[in-house]
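S.K.: First the structure, then my questions, so here it is.
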Amino acid sequence: DTEVTQTPKHLVMGMTNKKSLKCEQHMGHRAMYWYKQKAKKPPELMFVYSYEKLSINESVPSRFSPECPNSSLLNLHLHALQPEDSALYLCASSQESSSAPFSYNSPLHFGNGTRLTVT
Amino acid sequence: GQQVMQIPQYQHVQEGEDFTTYCNSSTTLSNIQWYKQRPGGHPVFLIQLVKSGEVKKQKRLTFQFGEAKKNSSLHITATQTTDVGTYFCAGREGGGADGLTFGKGTHLIIQP
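Protein chains in written order, with the working numbering: chain C, 1 to 119; chain U, 1001 to 1112.
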């Protein structure tokens, strides 16, 4: 079992749909991440939030829109996706030190992921 | 940018044999982390190495960090079927402001 909860577990959407992925953690972690993982590939970093502010955006297309409503929640809004966006989307959190800027050296706690299929 | 190379990509072993995966970075790392991902699962943190030349053990798993902090290895003694999965190293460049860079992973397949 993981302490990072992601919903839904599976999602099938058409290219014209709008959907959202949700992530929640109650470990008091102040850094939260979205990763994309294709089959048999490593996780690829998409976004990092530290103290609810977007700190890293790895040149992700605008059809992916992250949101951090509070320190426990992280959303990823999806709109007009392409079939090649089908992948496992992983949320993670980490316990960073209280000093800024974050060093991002702490271990990542991953959720179970949302398996997304775009048709 | 930083690159983290990991070999081998696939490793088939007989149950009971040893297994090693190697990680090499193009730049000096501030630390290296190892993760295991079971088939159909999510990456799970195993260990973090920070010091030059550091060696850590977890039961049958031995982790090493090179003296120059550019390479690392994970060695499993006497593999068991529960060791099946993909092992990823992940490192962060010392002094950098980016997140972790994952290696491509080593897929461990165990034949009973």
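Positions of the beta carbon are idealized from the N, C-alpha and C atoms, including for glycine.
CA-CA distance, Phe110/C and Lys19/C?
M.R.: Along the first sequence, read from residue 1 onward, the residue named residue 110/C stands at position 110. Along the first sequence, read from residue 1 onward, the residue named residue 19/C stands at position 19. Each residue's alpha carbon lies about 21 Å from the other.
S.K.: Could you check which residue in Ser94/C, Thr114/C, Thr119/C and Gly113/C has the C-alpha nearest to that of Gly28/C?
M.R.: If you number the first sequence from 1, residue 28/C lands on position 28. The closest CA to that of Gly28/C, considering only Ser94/C, Thr114/C, Thr119/C and Gly113/C, is found on Ser94/C.
S.K.: Might you give, ordered along the chain, the residues of its own chain that have their beta carbon closer than 6 Å to the beta carbon of Lys1104/U, omitting 5 neighbours on each side?
M.R.: In the second sequence, the residue the question calls residue 1104/U occupies position 104. The residues are Gln1006.
S.K.: Is there a Cβ from chain U that is less than 9 Å from the Cβ of Pro66/C?
M.R.: The residue labelled residue 66/C in the question sits at position 66 within the first sequence. Not closer than 9 Å to any Cβ of chain U, the Cβ of Pro66/C fails to qualify, so no.
S.K.: Given a cut-off of 9 Å, decide if Lys1070/U and Thr1028/U are closer than it, judged by their beta-carbon atoms.
M.R.: Counting from one through the second sequence, the residue named residue 1028/U turns up at place 28. Counting from one through the second sequence, the residue named residue 1070/U turns up at place 70. In this structure, Thr1028/U places its C-beta atom within 9 Å of the C-beta atom of Lys1070/U.
S.K.: So if DSSP puts Val12/C in a beta bridge, which residue, or which two residues, is it bridged to?
M.R.: Here the question's residue 12/C lines up with position 12 in the first sequence. Thr117/C.
S.K.: Pull up the CB-CB distance for Gln1033/U and Ala1090/U, whole angstroms please, since I reckon it's below 8 Å.
M.R.: Numbered from its first residue, the second sequence carries residue 1033/U at position 33. Numbered from its first residue, the second sequence carries residue 1090/U at position 90. With a contact defined as Cβ atoms closer than 8 Å, Gln1033/U and Ala1090/U qualify at about 5 Å.
S.K.: Chain C beta carbons: is any one of them nearer than 9 Å to that of Ala1090/U?
M.R.: Position 90 of the second sequence, counting from 1, holds the residue named residue 1090/U. Yes, Ala1090/U counts as interfacial toward chain C.
S.K.: Classify Gln1037/U as buried or exposed, calling it buried when 16 or more other Cβ atoms lie within 10 Å of its own Cβ.
M.R.: Walking along the second sequence from the start, residue 1037/U turns up at place 37. The residue in question, Gln1037/U, is buried, as its Cβ has 16 or more Cβ neighbours within 10 Å.
S.K.: For my contact list, Phe1065/U and Glu1054/U are in at a C-beta cut-off of 8 Å; report their separation, rounded to the angstrom.
M.R.: Numbered from 1 along the second sequence, position 65 holds the residue referred to as residue 1065/U. Numbered from 1 along the second sequence, position 54 holds the residue referred to as residue 1054/U. With a Cβ gap of about 4 Å, Phe1065/U and Glu1054/U count as contacting.
S.K.: Can you give me the C-alpha to C-alpha distance between Ile1110/U and Lys40/C, rounded to a whole angstrom?
M.R.: For this step, residue 1110/U is matched to residue 110 along the second sequence. For this step, residue 40/C is matched to residue 40 along the first sequence. Distance between the alpha carbons of Ile1110/U and Lys40/C is about 17 Å.
S.K.: What residues from chain C crowd round Asn1031/U, counting only those whose CB sits closer than 7 Å?
M.R.: Indexing the second sequence from 1 puts residue 1031/U at position 31. Result: Asn105.
S.K.: In chain order, what residues of the same chain lie with their CB nearer than 6 Å to the CB of Leu78/C, ignoring the 5 residues before and after it?
M.R.: For the purposes of this step, residue 78/C is identified with residue 78 of the first sequence, where counting begins at 1. Excluding positions up to five away in sequence, the list reads Lys19.
S.K.: Beta-carbon separation of Ala31/C and Ser106/C under 9 Å?
M.R.: Locating residue 31/C in the first sequence gives position 31, where the first residue counts as 1. Locating residue 106/C in the first sequence gives position 106, where the first residue counts as 1. Contact: yes.
S.K.: Could you name the residues of chain U that Gly14/C contacts, counting a contact when the two beta carbons are closer than 7 Å?
M.R.: The count along the first sequence starts at 1 and reaches residue 14/C at position 14. Chain U residues near Gly14/C: none, gap ~25 Å exceeds 7 Å.
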